[in-house]
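Q:
Number of protein chains: 2
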Amino acid sequence: MRAVKAVVPFKTRGAKTRLAPFLSPEERMAFSKAMLRDVLRSLQGIDVTILATEDFDPGCDGARVQLNHHDLNTAINAYIRRERDPTFIVMSDIPLIREWHVREMFSDGITLVPGRGGGTNAIFMRDPSHFKVDFYEVSFLKHVAIAKERGLPLKILDSFYMSTDIDKPEDLAEVLVHCPGDSCAYLRSIGVRLSYGKSRISVERD
Amino acid sequence: MRAVKAVVPFKTRGAKTRLAPFLSPEERMAFSKAMLRDVLRSLQGIDVTILATEDFDPGCDGARVQLNHHDLNTAINAYIRRERDPTFIVMSDIPLIREWHVREMFSDGITLVPGRGGGTNAIFMRDPSHFKVDFYEVSFLKHVAIAKERGLPLKILDSFYMSTDIDKPEDLAEVLVHCPGDSCAYLRSIGVRLSYGKSRISVERD
C-alpha cells in the first residue's frame, strides 16, 4: 500500500462554544489544543495535514498546518479531490482515540467511525478522490449512502473511544474517567473534577 | 470452557422515567421490552436469566425470569456468588448490541464494557464468584479497581454500540440512526422520528 496520510481539521477561533459556561475563551483554546495533541499522538508516523483557518504551532513533529478559509466540507473535499494516497480524516475533538484505532481503520474502501448523535468522527478512504464528505446533521447516514452510491466497500468501526467527541460540559466527564493524556492533564490543571449527581456523573470546578 | 450463562437485570415498574416527557408510562414499558428483546437476540444460544422484580413474559425462547426484590447490586452479587460458569451481565437498555459483541467479550478474567458517563454496560466474568459488582456513579472505575484488587486479568471492550444506553429522549436518536431491530421498529410505529436542530440531532413525534 502507498504511504498513508491524515487530515485533521482544526478551528483556531470560536471553537467549542458549547463549553462556554464552563471554560473561558482562553481555556477553550488551550483545551482544544490539548485534545489536538492527543489526536496527533495517535497518528504518530503518519504524514498529517492540519486544515486550519489561521496559522498556529501545533506543538508536534510531523504535522503541518495548511490554511483554508472555507467551511469544513468544502475544505476537506478540495483536499481529497487531488489526493491519491490512502487518507484518514480525523476530528480534533476525540481525545480518547488510541494508536491502535488507526490500524483498525484500514480497509479496502471506506471506513466510517460513528460519533454520538449521528455524527462521523473519522473516515478512512483507500482512494480519497473517489469519495466526498458531507458533515453536519446525520452525517453518518449520509456517508453510508455516499459509499453505497459509489460502490465503495464499507466498514464501520465500532469504537466508544472514537465516538466520544467533546462538545458540552458533561462530555468533559468522559475525558476525566478515561483520561487519555494532555486533555485530561489540562482539565485537572485548571481544577476540573468529576462530580456525582443522582444519575449520571458530571463535572465541577474548584 | 464450561457452558456460558448470561444475566440481564430488568425493571418491570417505573423504568426509564427520564423518557417521561416524551413517552407515556405504557410506551416506556413497551419500549423497554423491545430493547430487552434486541438484547436477548444478541445472546442467542446462551442460557439467560432475567433478574426482575415481578414476573412477566419476555417473549423469547431460552430466557427465564427469576424474581428478585433487592437493588441491582445486591441482586447481581447474590446471583454471581453461587455461580461457577462463565457469566455475562448485560444491561437491558443497550439495544445496539450485536451477536458478535458477545464473542468479543470472552476473556480469561474480567471484561468490562464502558457506558457513557462513567457507567458499565456489560461485564464478562470467567469466574463470577471471584468478582463483585458495584453499579451506579462511576461504576466503570469501580469495576476496574475491583478487578485489579482481586488480581483478575482485565480486558476493556471498546464499543460505541454497547456504550449506548438509552435513558433520555436524545438517546432515542441513536436507536433511529443505527436502527437495531425491535426497539427501532417500535419507535417508528408510534411516530418517533429524527429531527435536525442547529447542532446535534434529536427526536420529535408526529
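One line per chain: the protein sequences are A and B, in this order. According to this note's numbering, the stretch in the first sequence is residues 136 to 341, in order. According to this note's numbering, the stretch in the second sequence is residues 136 to 341, in order. Even glycine gets a Cβ: it sits at the ideal position worked out from N, Cα and C. Quick caveat, the model's predicted, so the values are computed rather than measured.
Smallest Cα separation from B:D196: which of B:R172, B:R216 and B:R217?
A: For the purposes of this step, residue 196 of chain B is identified with residue 61 of the second sequence, where counting begins at 1. The shortest Cα separation from B:D196 among B:R172, B:R216 and B:R217 belongs to B:R172.
Q: Do you know whose CA, among B:P156, B:H278 and B:M226, lies nearest B:L289's CA?
A: In the second sequence, the residue the question calls residue 289 of chain B occupies position 154. Answer by Cα proximity: B:H278.
Q: Once DSSP output is grouped into helix, strand and coil, what is the label at B:E189?
A: On the second sequence, position 54 is the one that residue 189 of chain B refers to. Three-state result, B:E189: coil.
Q: Which one or two residues does DSSP pair with A:Q201 in a beta bridge?
A: Reading the first sequence from its first residue, position 66 is the one you call residue 201 of chain A. A:Q201 is bridged to A:L186.
Q: Are A:V139 and A:D243 touching if we call contact CB-CB under 8 Å?
A: In the first sequence, residue 139 of chain A corresponds to position 4, counting from 1. In the first sequence, residue 243 of chain A corresponds to position 108, counting from 1. It is not a contact, given that the beta carbons lie outside the stated cut-off.
Q: Between the alpha carbons of B:D300 and A:H205, how many angstroms are there, rounded?
A: If you number the second sequence from 1, residue 300 of chain B lands on position 165. If you number the first sequence from 1, residue 205 of chain A lands on position 70. Each residue's Cα considered, the two are about 37 Å apart.
Q: Strictly under 8 Å for the Cβ-Cβ distance: is B:E133 near chain A by that measure?
A: There is simply no residue 133 of chain B to check, as chain B begins at 136 and stops at 341 in what is shown.
Q: May I ask you to list the residues that DSSP assigns as paired with B:L247?
A: Looking up residue 247 of chain B in the second sequence gives position 112. Paired residues: B:I258 and B:I291.
Q: Label A:Y76 either buried or exposed according to how many other C-beta atoms from any shown protein chain fall within 10 Å of its C-beta, with 16 as the threshold for buried.
A: Residue 76 of chain A is absent from the model: chain A starts at 136 and stops at 341.
Q: So, under 8 Å CB-CB, A:I336 and B:G194 are touching, yes? Tell me the CB distance rounded to an integer number of Å.
A: To locate residue 336 of chain A, count along the first sequence from 1; it is residue 201. To locate residue 194 of chain B, count along the second sequence from 1; it is residue 59. That belief does not hold up - the Cβ atoms of A:I336 and B:G194 are roughly 34 Å apart, past 8 Å.
Q: How big is the Cα-Cα spacing for B:D293 and B:R251?
A: As a first step, residue 293 of chain B is located in the second sequence; it is residue number 158 there, counting from the start. As a first step, residue 251 of chain B is located in the second sequence; it is residue number 116 there, counting from the start. The straight-line gap from Cα to Cα measures roughly 11 Å.
Q: So B:S264 packs on B:I215, CB below 8 Å; how close in whole Å?
A: Taking the second sequence and counting its residues from 1, the one referred to as residue 264 of chain B is at position 129. Taking the second sequence and counting its residues from 1, the one referred to as residue 215 of chain B is at position 80. With 8 Å as the limit, B:S264 and B:I215 qualify as a contact, their Cβ atoms being about 6 Å apart.
Q: Just to confirm before moving on: does the CB-CB distance between B:V142 and B:T184 stay below 8 Å?
A: One-based indexing of the second sequence puts residue 142 of chain B at position 7. One-based indexing of the second sequence puts residue 184 of chain B at position 49. Cβ atoms of B:V142 and B:T184: closer than 8 Å.
Q: Output the boundary residues of the alpha helix (DSSP H) element that contains A:L207.
A: Residue mapping note: residue 207 of chain A aligns to position 72 of the first sequence, counting from 1. Note, A:L207: alpha helix (DSSP H), L207 to R216.
Q: Could you tell me the distance, in whole angstroms, from the CA atom of A:R340 to the CA atom of B:E339?
A: Taking the first residue of the first sequence as 1, we reach residue 340 of chain A at position 205. Taking the first residue of the second sequence as 1, we reach residue 339 of chain B at position 204. The straight-line gap from Cα to Cα measures roughly 34 Å.
Q: Buried or exposed, going by whether 16 or more other CB atoms sit within 10 Å of the CB of B:K283?
A: For the purposes of this step, residue 283 of chain B is taken as the residue at position 148 of the second sequence. Result: exposed.
Q: How many angstroms separate the CA atom of A:A169 from the CA atom of B:D269?
A: The residue given as residue 169 of chain A occupies position 34 in the first sequence. The residue given as residue 269 of chain B occupies position 134 in the second sequence. One C-alpha to the other measures close to 33 Å.
Q: Who are the neighbours of A:F266 on chain B, taking C-beta pairs under 8 Å?
A: Walking along the first sequence from the start, residue 266 of chain A turns up at place 131. Within 8 Å Cβ-Cβ: nothing; A:F266 doesn't reach chain B, min ~20 Å.
Q: Specify, as a first and last residue, the run of the beta strand (DSSP E) that B:L329 falls within.
A: The sequence position of residue 329 of chain B within the second sequence is 194, counting from 1. Residues V327 to Y331.
Q: Can you tell me the Cα-Cα spacing of A:T222 and B:I291, whole angstroms?
A: Working through the first sequence from its first residue, we reach residue 222 of chain A at position 87. Working through the second sequence from its first residue, we reach residue 291 of chain B at position 156. Each residue's alpha carbon lies about 28 Å from the other.
Q: Quick one: what does DSSP say B:I232 is sitting in, helix, strand or coil?
A: Counted from its first residue, the second sequence places residue 232 of chain B at position 97. Correct three-state label for B:I232: coil.
Q: Between B:L154 and B:P304, which are expected to be in contact by the criterion C-beta below 8 Å, what is the C-beta distance as a whole number of angstroms?
A: The residue labelled residue 154 of chain B in the question sits at position 19 within the second sequence. The residue labelled residue 304 of chain B in the question sits at position 169 within the second sequence. Confirmed, Cβ separation roughly 6 Å.
Q: Consider the Cβ of B:V338: report whether some Cβ of chain A lies at a distance smaller than 8 Å.
A: Numbered from 1 along the second sequence, position 203 holds the residue referred to as residue 338 of chain B. B:V338 does not count as touching chain A.
Q: Given a threshold of 16 other Cβ atoms within 10 Å of its Cβ, counted over all protein chains shown, does A:R238 qualify as buried or as exposed?
A: As a first step, residue 238 of chain A must be located in the first sequence, where it is residue number 103. Per the 10 Å Cβ criterion, exposed.
Q: Could you tell me the boundaries of the alpha helix (DSSP H) in which A:K303 lies?
A: Along the first sequence, read from residue 1 onward, the residue named residue 303 of chain A stands at position 168. Careful: A:K303 lies outside any alpha helix (DSSP H) and carries neither H nor E.
Q: Grab me the residues of B:E272's own chain with a C-beta within less than 8 Å of its C-beta, minus the 5 sequence neighbours each way, in chain order.
A: Position 137 of the second sequence holds residue 272 of chain B. So the qualifying residues of the chain are G253.
Q: Can you grab the Cα-Cα spacing for the pair B:R163 / A:D228, in whole Å?
A: Here residue 163 of chain B refers to the residue found at position 28 of the second sequence. Here residue 228 of chain A refers to the residue found at position 93 of the first sequence. So the two alpha carbons sit approximately 34 Å from each other.
Q: Would you say A:H313 and A:L231 are within 8 Å of each other, going by their C-beta atoms?
A: Numbered from 1 along the first sequence, position 178 holds the residue referred to as residue 313 of chain A. Numbered from 1 along the first sequence, position 96 holds the residue referred to as residue 231 of chain A. The answer is yes: Cβ separation under 8 Å.
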